[in-house]
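Its first residue numbered 1, the sequence shown is counted upward by one per residue in the UniProt record's numbering.
So the structure is just underneath, and the comments pick up after that.
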Amino acid sequence: MAYHLGAPFPNFTASASSVEGPFDLYEYVGDMWCILFSHPHDFTPVCTTEMAEFGNMHEEFLKTNCKLVGFSCNSKESHEKWIEDIKHYGKLSQWKIPIVCDESRELANKLKIMDEKEKDIKGLPLTCRCVFFISPEKTVKATVLYPATTGRNASEILRVLKSLQLTSEQPVATPVNWKVGDKCCVLPTVADADLPALFPKGVQKMQLPSEKPYLRFASL
Numbered sequence: 001m002a003y004h005l006g007a008p009f010p011n012f013t014a015s016a017s018s019v020e021g022p023f024d025l026y027e028y029v030g031d032m033w034c035i036l037f038s039h040p041h042d043f044t045p046v047c048t049t050e051m052a053e054f055g056n057m058h059e060e061f062l063k064t065n066c067k068l069v070g071f072s073c074n075s076k077e078s079h080e081k082w083i084e085d086i087k088h089y090g091k092l093s094q095w096k097i098p099i100v101c102d103e104s105r106e107l108a109n110k111l112k113i114m115d116e117k118e119k120d121i122k123g124l125p126l127t128c129r130c131v132f133f134i135s136p137e138k139t140v141k142a143t144v145l146y147p148a149t150t151g152r153n154a155s156e157i158l159r160v161l162k163s164l165q166l167t168s169e170q171p172v173a174t175p176v177n178w179k180v181g182d183k184c185c186v187l188p189t190v191a192d193a194d195l196p197a198l199f200p201k202g203v204q205k206m207q208l209p210s211e212k213p214y215l216r217f218a219s220l
């Protein structure tokens, strides 16, 4: 993917399912976080399972101050017909996630998310399973790129989002397998003298063979 971490994510206007008139990314997202995720093709098995899971978790993402936006190179008509299959598979009564339409592949090429090895029946390349985590300031905070044969884990994407949100506000990093409520690693740039004020619940300093004091855990 061409957009490195910290790069501005470009605004765009396009057609999208579940939206009347043109879909403007910045206008839709407002001052919230955004997860833009592409899928290779409508009416395909892995994509259907992924979209159903995102649909079931939609409200949870909203509660985390984040809007979800889907993306593929199919038409709006295709998206809207496929949504009925997604709702049936996921036992969803309604669908609230807009899916951007990019039949010309102009936007997908601009975002550099095409998979040249995966083709549709016309021989045209399809989009990768790509995820952009976009901050309220419209910068790229994280990216994920999977092949067509591997479905994504929506719960992991939510976990990463919560980590990004926490670490954008606190001088911490989230360790392996972190989840909300777990202890975090204090950034090495934080001086010991500042620990009591920043972490009133205390900091655990690990004693290591190297005797270097870099591994410090804090409860928030």
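Ideal Cβ positions, reconstructed from N, Cα and C, are used throughout, including at glycine.
Since the structure is predicted, the reported quantities are computational estimates derived from the model, not experimental observations.
By alpha-carbon positions, which one of the options ends up nearest to residue i?
i: K112; options: F9, A154, F217 and I157; result: F9
i: L126; options: F132, M51, F133 and M114; result: M114
i: Q165; options: C101, W33, A14 and L5; result: W33
i: T150; options: D182, I35, R129 and V140; result: R129
i: K179; options: R159, W82 and Y89; result: R159
i: P40; options: D120, G6 and C185; result: D120
i: D24; options: V190, S219, F199 and V69; result: V69
i: C73; options: E211, T167, D42 and P22; result: D42
i: I134; options: Y28, G21 and E20; result: Y28
i: E50; options: E77, R152 and G30; result: R152
i: G30; options: V46, N11 and P45; result: N11
i: T99; options: E169, E20 and T174; result: The displayed chain sequence assigns Ile, not Thr, to residue 99. That would be E20, whose Cα lies nearest to the Cα of I99.
Just the Cα atoms here: how many angstroms apart are residue i and residue j?
i: R216; j: T64; result: 27 Å
i: S17; j: E80; result: 6 Å
i: T143; j: K110; result: 16 Å
i: W95; j: Y89; result: 12 Å
i: F54; j: K67; result: 11 Å
i: P171; j: W82; result: 43 Å
i: F132; j: I35; result: 6 Å
i: T167; j: P22; result: 34 Å
i: L5; j: K138; result: 11 Å
i: P136; j: S75; result: 28 Å
i: K122; j: K212; result: 59 Å
i: T174; j: I157; result: 14 Å
i: T44; j: H58; result: 21 Å
i: M206; j: C101; result: 51 Å
i: D192; j: L145; result: 38 Å
Can you tell me whether residue i is helix, strand or coil according to DSSP?
i: T49; result: helix
i: Q204; result: strand
i: P125; result: strand
i: A197; result: helix
i: S155; result: helix
i: A7; result: coil
i: Y89; result: helix
i: residue 221; result: There is simply no residue 221 to check, as the chain begins at 1 and stops at 220 in what is shown.
i: F71; result: strand
i: W33; result: strand
i: E84; result: helix
i: D120; result: coil
i: F61; result: helix
i: D182; result: coil
Could you tell me whether the Cβ atoms of residue i and residue j are closer together than 9 Å?
i: F37; j: L161; result: no
i: T48; j: I86; result: yes
i: L107; j: F71; result: yes
i: A7; j: V140; result: yes
i: A148; j: E103; result: no
i: V203; j: V176; result: no
i: P196; j: Y214; result: no
i: A154; j: L92; result: no
Within 8 Å: the Cβ of residue i and any heavy atom of the ligand ATP?
i: G70; result: With respect to the ligand ATP, the structure offers nothing, as it holds no ligand at all.
Contact check, residue i vs residue j under 8 Å by CB: the rounded distance?
i: K183; j: S219; result: 5 Å
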